[in-house]
Every structure is written in structure tokens, then in C-alpha cells.
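In this note's numbering, the protein residues as written are 39 to 153.
Written below as C-alpha cells is the structure these notes are about.
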């Protein structure tokens, strides 16, 4: 038992010393409709610049919301992103939707409303 604890301690020290990052900069994005219901199957695209957002090019990350209306995007830069969300005839267009600056090595949360 003592040996196992020693090995575990050495392993933890090595992880810290090498800069191993347990939590990557992550964005948990929830999509809701105009009455507050979560939206399953909405497509989400992230852009680094307003120019890319307006031209809808150079997508940094993308995906589709799950049954709970959530999309988890990992290994992002700690910065603000422009967001386009679409589902059928609903979207968040025209608002220039932008996240706040993501906190590095944290799980960041954002809610986007589509109508």
C-alpha cells in the first residue's frame, strides 16, 4: 500500500512538472429557442474574426447539439468567438453573436438563443 501511494505521488509530480493539462479550454454551448426550450440538432460554427463570420469561412470549430441542446467543443484558444447557430428556419443571424473571452484551462459555458 505504501509503495502504491509513493508511485501515485511520483506520477502526480511528473504530471505537474511536465505541464500536463488535465482540463483543456472547453466551451459548453447550449442552444435555446425563443421560449427557452433547448434545441436538439442545431448546427453550430465558431469563427475567430468578424470578417470570417460575415463571409462564413475559416470555421475554427463546429458541431451539432445533443438531445439536451448542448455542444461541447474542446481544445479552443482562450479568446472570444463569433457564433452562427442554425436549426431548420431558426438561427441567431443578424446579431453578430459573440462569446465572451474564454478562460484558459476552464470549462466555459454560453447560451445562444435562436428564433
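Quick reminder that beta carbons are idealized off the backbone N, C-alpha and C, glycines included.
Looking from the CA of residue 128, the closest CA among 66, 138, 62, 72 belongs to 72. Residue pairing from DSSP places residue 129 in a beta bridge opposite 124.
Closest option to residue 77, judged by alpha-carbon separation, among 143, 117, 123: 123. Cα atoms of residue 91 and residue 143: separation of roughly 25 Å, rounded to the nearest angstrom. Residue 93 sits in a helix when the DSSP states are folded into three classes. In the displayed model, residue 100 falls within a strand according to three-state DSSP. For residue 64, the uninterrupted beta strand (DSSP E) run begins and ends at 64-70, by DSSP. Excluding its 5 nearest sequence neighbours in each direction, residue 106 has C-beta neighbours in its own chain below 7 Å: 76, listed in chain order.
Here residue 84 is actually not in contact with residue 148; their C-beta atoms are around 10 Å apart, not less than 8 Å. Annotation for residue 111: the continuous beta strand (DSSP E) segment containing it runs 108-111. At the C-beta level, residue 138 and residue 118 come within 8 Å of one another. Beta-bridge analysis with DSSP links residue 76 to 70.
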